[in-house]
Amino acid sequence: MKIQIQAAISAASFLAALAGAQAQVVQPTLVGTNYLAIVGDNSQGGNCTTASGPCVSPGRGIPLSYYTTSSDFNAAMTSLNASIASINASIASINASIASLNNRLGAGLNHAFDGAAAGIAMRDAVPNSGDQFAVRFNMGTLNSHVAGSVGFAANVTDDVRLLVNYGQSRTQSAFSAGLNFSFN
Numbered sequence: 002m003k004i005q006i007q008a009a010i011s012a013a014s015f016l017a018a019l020a021g022a023q024a025q026v027v028q029p030t031l032v033g034t035n036y037l038a039i040v041g042d043n044s045q046g047g048n049c050t051t052a053s054g055p056c057v058s059p060g061r062g063i064p065l066s067y068y069t070t071s072s073d074f075n076a077a078m079t080s081l082n083a084s085i086a087s088i089n090a091s092i093a094s095i096n097a098s099i100a101s102l103n104n105r106l107g108a109g110l111n112h113a114f115d116g117a118a119a120g121i122a123m124r125d126a127v128p129n130s131g132d133q134f135a136v137r138f139n140m141g142t143l144n145s146h147v148a149g150s151v152g153f154a155a156n157v158t159d160d161v162r163l164l165v166n167y168g169q170s171r172t173q174s175a176f177s178a179g180l181n182f183s184f185n
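Heads up, the sequence shown is in our numbering, so the first residue is 2 and it goes up one at a time.
Written as structure tokens, this is what we have:
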């Protein structure tokens, strides 16, 4: 992998060097299948397109094997593309995990808000003075989560009261019961 990356870096540096070079590089002629010919004047006996140039000297140029071969470069690019595809797949997997976590958290929050709404709705019923029983109906809401409840109270004696409450939201229910003692 390191050699392939170095080959890709070498190819990139070669292209950068070509962009900054003073001499023009043209498509090689006869012998130029393994090197990039450098354009110059006819003093070296090169092949010229016109009498004044530009001329290509078959013996002058930059050997392509100095940088990389096309098959090495293609192999490096194939490896790089495979690495990018693997990274993309990992990112997609992470995104799917985050989406799943968000869905679970959202569902958990909905249950929590429903339970809290049921708790908010529950209130004790209190018998009026002289009454033995009382029933109370309540409603409560939290973040658009609505719940209802019913409460029951019974004065068992003058000093003891039994209290029972039940609350229900869309997904949660709550129950409470207790005894109230009063004394001097």
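The beta carbon of each residue, even a glycine, is placed where N, CA and C say it ideally should be. This one's a predicted model, so the numbers in the text were calculated from it and none came from an experiment.
Q. Quick one: what does DSSP say threonine 1 is sitting in, helix, strand or coil?
A. The question about residue 1 has no answer, for the chain in this structure spans 2 to 185.
TODO: Report all residues from its chain with a CB closer than 6 Å to the CB of serine 174; omit the five preceding and five following residues, and keep chain order.
DONE: Result list for serine 174: empty, nothing under 6 Å.
message: Please state the DSSP three-state secondary structure of asparagine 103.
response: helix
Which partner residues of glutamine 169 appear in the DSSP bridge assignment? Gly149, Ser174
- Task: Report yes or no: do the stretch 151–166 and the stretch 118–128 share at least 3 C-beta pairs separated by less than 8 Å?
- Result: yes
Just to check my reading of the structure: serine 170 and alanine 119 have Cβ atoms closer than 8 Å, yes? What is that Cβ distance to the nearest angstrom?
5 Å
*Counting only the same chain and skipping the five closest in sequence on each side, list residues whose C-beta sits under 6 Å from that of glycine 168.*
Ala119, Ala122, Met123, Ala148, Ser150, Ala175
Can you look up phenylalanine 182 in the DSSP assignment and give me helix, strand or coil?
Secondary structure of phenylalanine 182 (DSSP, three-state): strand.
Separation of asparagine 181 from aspartate 160, as counted between CA atoms: 8 Å
Using DSSP bridges, identify the partner residues of phenylalanine 134. Ala155
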